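Q: Chains P and Y are the protein sequences, given in the same order. So for the first sequence, our numbering puts the first residue at 52; every next one is plus one. So for the second sequence, our numbering puts the first residue at 98; every next one is plus one. In this text, a Cβ means the ideal position worked out from N, Cα and C, and glycines have one as well. Note that the structure is predicted; figures quoted are calculated from it, not measured. There's a structure below that I have some questions on.
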Amino acid sequence: MPAAVQHLIALIIPAHVPVKNISEFYAGILHPLIVPAHVLAIIIAGFVAARIPAYTLSLTRSFAGGLLVGLCASGLGLRVDETTALLILMIIFLSGVYVAANLPHLQKYATNISYGLAISAGILVGLDTVFNDLDGAALWWCLLGTLVGASVMSFVVARFARLARQPWQHIAVRVAASWIAAIGLLMLALALAG
Amino acid sequence: MAKNAAPFSAVWFFWIGFLFCDVACAHTGSGSVNGFLSGLAHPVLGLDHIVAMVAVGLWGAWLGAPAIWLLPVVFPMVMAVGGVLGIFKVPVPGVEILIAASGVVLGASVLTAFRPPLWVAAAMVGLFAVFHGYAHGAELPGAQSPVGYCVGFVLATGMIHLSGIGMGLLKRVKRGEWMIRSLGAGIAVTGTLFLFGVL
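Here is the structure:
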């Protein structure tokens with residue numbers, strides 16, 4: 052378990068724990084926030100979901116569904132190598148370019164591309180969420196917390212992005228997506244450069 | 098609209114304060130914070146970078162839609178490509194000269210109110226972005242927290258573009274065109290001084 056998660060658990064354990072394993076659940080909620088790649092993946096998944104207003108809710112559910120699959124695989128002991136982290140960064144970059152470029156000739160395929168990116172991001176973030184030092188109920192409470200935290204965060208970002216009404220607000224979302232794409236590409240290069 | 102302005106500003110003020118409260122209060126010196134701050138500071142403290150990036154925002158605002166948003170979208174993405182070249186130490190000749198030249202060319206474009214086709218403007222900005230990105234990228238692997246550095250310098254670059262766009266909105270006021278062209282002249286002169294090694 053990353054030291055930061057242990058620190059989080061230590062911070063939020065109250066003197067009298069009202070519900071067993073609730074501190075693991077809270078730590079799971081906060082886990083995506085302390086991994087930069089996960090934060091970026093969740094935000095950009097929200098932007099991708101907001102790109103097609105009619106499908107926003109469905110796309111955020113798809114992200115959550117993918118996340119559930121990934122987290123279950125992680126909880127059942129499926130361990131993947133560092134390729135997962137690279138794939139997350141690649142999805143961040145591709146999703147950022149997709150939202151920022153908003154290419155008109157991709158409109159025909161926009162629904163399929165959006166579902167593909169949202170589900171892939173969910174699965175990869177789930178697979179990359181590993182709590183090595185936990186097992187049994189504590190592990191599953193942590194994973195459940197991550198499912199709730201990441202899904203809610205993605206939903207909030209998508210709803211926020213969908214509030215855009217003015218042209219400049221749509222542009223602001225695309226500019227933010229271009230920044231995320233740039234950060235994702237640089238992080239990918241750094242990871243590959245070792 | 099005016100009713101919404103104050104709460105909106107207050108919310109953003111809160112979040113900006115929230116982001117920096119740990120840095121301000123705890124002065125922990127942790128790697129990611131230092132990496133983020135040094136990434137944030139790099140474009141801001143390098144005058145050669147800042148004048149070119151302000152010029153991109155100014156020129157975009159001068160050209161109007163869609164250049165006003167296209168150029169600041171193109172710059173960070175292409176800059177990241179330059180950053181990748183820098184990270185992998187791919188030899189790119191004349192980086193410092195072309196960074197200085199970017200100030201000259203972009204400043205002169207604002208000064209002369211140059212209005213090329215959109216693709217030409219995007220290509221010019223994209224070309225210079227590669228060299229700015231290369232300079233940042235070459236420093237990345239040595240940073241205390243490379244990820245924090247990435248996030249910091251991309252955000253700083255974007256904010257400088259926005260400030261340039263904000264200055265470009267001066268064209269709506271009386272004598273605004275004159276002020277914008279003066280800023281362009283200042284940027285071109287600064288770039289020239291860098292080009293000849295005076296600065």
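Please confirm whether valine 227(Y) and valine 181(Y) have their CB atoms less than 7 Å apart.
A: Counted from its first residue, the second sequence places residue 227(Y) at position 130. Counted from its first residue, the second sequence places residue 181(Y) at position 84. Contact flag unset, no.
Q: Counting C-beta neighbours from all protein chains within 10 Å, is the total for aspartate 184(P) 16 or more, i.e. buried, or is it exposed?
A: Numbered from its first residue, the first sequence carries residue 184(P) at position 133. Result: exposed.
Q: Using the Cβ count rule (16 or more neighbours within 10 Å means buried), how would you classify histidine 156(P)?
A: Here residue 156(P) is taken as the residue at index 105 of the first sequence, counted from 1. Under this definition histidine 156(P) is an exposed residue.
Q: Measuring straight from C-alpha to C-alpha, what distance separates leucine 280(Y) and valine 217(Y)?
A: As a position in the second sequence, residue 280(Y) is number 183, starting the count at 1. As a position in the second sequence, residue 217(Y) is number 120, starting the count at 1. Looking at the two C-alpha atoms, the distance is approximately 22 Å.
Q: Figure out for me which residue from Gly132(Y), Gly249(Y), Leu167(Y) and Val187(Y) has the closest Cα to the Cα of alanine 297(Y).
A: There is simply no residue 297(Y) to check, as chain Y begins at 98 and stops at 296 in what is shown.
Q: Express the C-alpha separation of isoleucine 231(P) and valine 246(P) in angstroms, rounding to a whole number.
A: Nothing can be reported for residue 246(P), as the shown portion of chain P is limited to 52 through 245.
Q: Compare the C-beta of alanine 226(Y) with all C-beta atoms of chain P and state if any pair is closer than 7 Å.
A: Here residue 226(Y) refers to the residue found at position 129 of the second sequence. Judged by the 7 Å Cβ criterion, alanine 226(Y) is not in contact with chain P.
Q: Pair every Cβ in the segment 199-215 of chain P with every Cβ in the segment 140-147 of chain Y, then say whether three or more of these pairs are closer than 8 Å.
A: No, they do not touch.
Q: Let me see if you follow: with CB-CB separation under 7 Å, is isoleucine 222(P) close to chain Y or not?
A: Here residue 222(P) refers to the residue found at position 171 of the first sequence. Closer than 7 Å to some Cβ of chain Y, the Cβ of isoleucine 222(P) qualifies, so yes.
Q: Can alanine 244(P) and leucine 137(P) be called in contact, C-beta distance under 7 Å?
A: Locating residue 244(P) in the first sequence gives position 193, where the first residue counts as 1. Locating residue 137(P) in the first sequence gives position 86, where the first residue counts as 1. No; because the gap between Cβ atoms is not below 7 Å, this pair is not in contact.
Q: If leucine 110(P) and alanine 100(P) are in contact, beta carbons under 8 Å, what's the gap, nearest whole angstrom?
A: Taking the first residue of the first sequence as position 1, residue 110(P) is located at position 59. Taking the first residue of the first sequence as position 1, residue 100(P) is located at position 49. Contact holds; Cβ gap of about 4 Å.
Q: Please report the residue range of the alpha helix (DSSP H) in which tyrosine 246(Y) lies.
A: Sequence index remark: in the second sequence, residue 246(Y) carries index 149 (1-based). Where tyrosine 246(Y) is concerned, the enclosing alpha helix (DSSP H) stretches over 243-265.
Q: Can you tell me which of Gly157(Y), Phe250(Y), Ala197(Y) and Thr287(Y) puts its alpha carbon nearest to the alpha carbon of lysine 268(Y)?
A: Looking up residue 268(Y) in the second sequence gives position 171. When only C-alpha atoms are compared, the closest one is Gly157(Y).
Q: Using beta carbons (cut-off 7 Å, strictly below), is leucine 241(P) in contact with chain Y?
A: Counted from its first residue, the first sequence places residue 241(P) at position 190. So, interface residue.
Q: Work out the CA separation of histidine 258(Y) and alanine 152(Y) for me, nearest whole Å.
A: Taking the second sequence and counting its residues from 1, the one referred to as residue 152(Y) is at position 55. Taking the second sequence and counting its residues from 1, the one referred to as residue 258(Y) is at position 161. Distance between the alpha carbons of alanine 152(Y) and histidine 258(Y): 8 Å.
Q: Chain B partners of serine 146(P), CB-CB under 7 Å?
A: Judged by its chain identifiers, the structure shown contains no chain B, and its protein chains are P and Y.
Q: Using a Cβ cut-off of 7 Å, pull out every chain Y residue sitting near valine 203(P), in sequence order please.
A: Here residue 203(P) refers to the residue found at position 152 when the first sequence is read from its first residue. Simply none; closest approach about 18 Å.
Q: Could you tell me which uninterrupted alpha helix (DSSP H) segments, each at least 4 residues in length, are contained entirely in the segment 84-131 of chain P, listed from first to last along the chain?
A: Runs found: 87-102 and 107-126.
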